[in-house]
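Notes follow the structure.
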Amino acid sequence: MFGNKTRDDRPAMPLTTGGNGNGRRGMFSVIGSDVVISGNVNASAELHVEGRIEGDVDCATLIQGAESHIVGGVTAERARIAGAIEGAVRVRQLTVERSARITGDVEYENITIENGGHIDGRMRRIGATTVTITPLIGSDAPRAPLATTIEAVTG
487 MFGNKTRDDR PAMPLTTGGN GNGRRGMFSV IGSDVVISGN VNASAELHVE GRIEGDVDCA
547 TLIQGAESHI VGGVTAERAR IAGAIEGAVR VRQLTVERSA RITGDVEYEN ITIENGGHID
607 GRMRRIGATT VTITPLIGSD APRAPLATTI EAVTG
């Protein structure tokens, strides 16, 4: 009965190498609603924020709760924003939920804004290019460009 050594010593959730390249597939960190962090936060995996962060956030994926507040910049590959952010946001795949309030510039590759979501700042699509059109008329005199489209952003 007590001498039986059939105990399983394997971890409950083994680390696996996933397609995201960071070796933390299925792993996430949570900042609870009762937590206030003063300083920058870096996470190599998914980060769930329900509390308050006074500093920059850099992570693979950000899931922000409706009652949370971030005062600082946010950089991520993917983000689902439901709370308040005061600062610049740079996310490749961004979802702004109806309860979200972003005050600051937003850079994105793909964006979804639910009805009621607020963004107060400039929005810029990552990967856009600048195009200048100059007329080809028989004159050798220099001419100003006719039009300039979207400003280039490389990332």
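For the sequence shown, the numbering used here gives the first residue as 487, with consecutive numbering after it. Here a beta-carbon is modelled for each residue, glycine too, at the ideal position from N, C-alpha and C.
Coarse secondary structure for residue i, derived from DSSP in three states
| i | result |
| --- | --- |
| residue 608 | coil |
| residue 591 | coil |
| residue 542 | coil |
| residue 509 | Its pLDDT being 42, under 50, residue 509 is placed unreliably by the model, and nothing is read from it. |
Cβ distance (whole Å) where residue i is taken to contact residue j below 8 Å
| i | j | result |
| --- | --- | --- |
| residue 576 | residue 604 | Rounded, the Cβ-Cβ distance is 18 Å, inconsistent with contact. |
| residue 536 | residue 554 | 5 Å |
| residue 568 | residue 583 | 4 Å |
| residue 515 | residue 529 | 5 Å |
Residues sharing a beta bridge with residue i, DSSP
| i | result |
| --- | --- |
| residue 596 | 579 |
| residue 532 | 514, 547 |
6 Å Cβ shell around residue i - same chain, five flanking residues per side excluded
| i | result |
| --- | --- |
| residue 566 | 549, 581 |
| residue 538 | 522, 555 |
Cβ of residue i within 8 Å of any chain C Cβ
| i | result |
| --- | --- |
| residue 547 | The chain labelled as chain C is not found in the depicted structure, where only one protein chain is given. |
Cβ neighbours of residue i in the same chain (closer than 8 Å, five flanking residues each side left out)
| i | result |
| --- | --- |
| residue 542 | 526, 527, 558, 559, 560, 561, 573 |
| residue 524 | 540, 541 |
Closest by C-alpha distance to residue i, when choosing among the options
| i | options | result |
| --- | --- | --- |
| residue 585 | 547, 540, 602 | 602 |
| residue 596 | 578, 520, 607 | 578 |
| residue 608 | 534, 589, 599, 564 | 589 |
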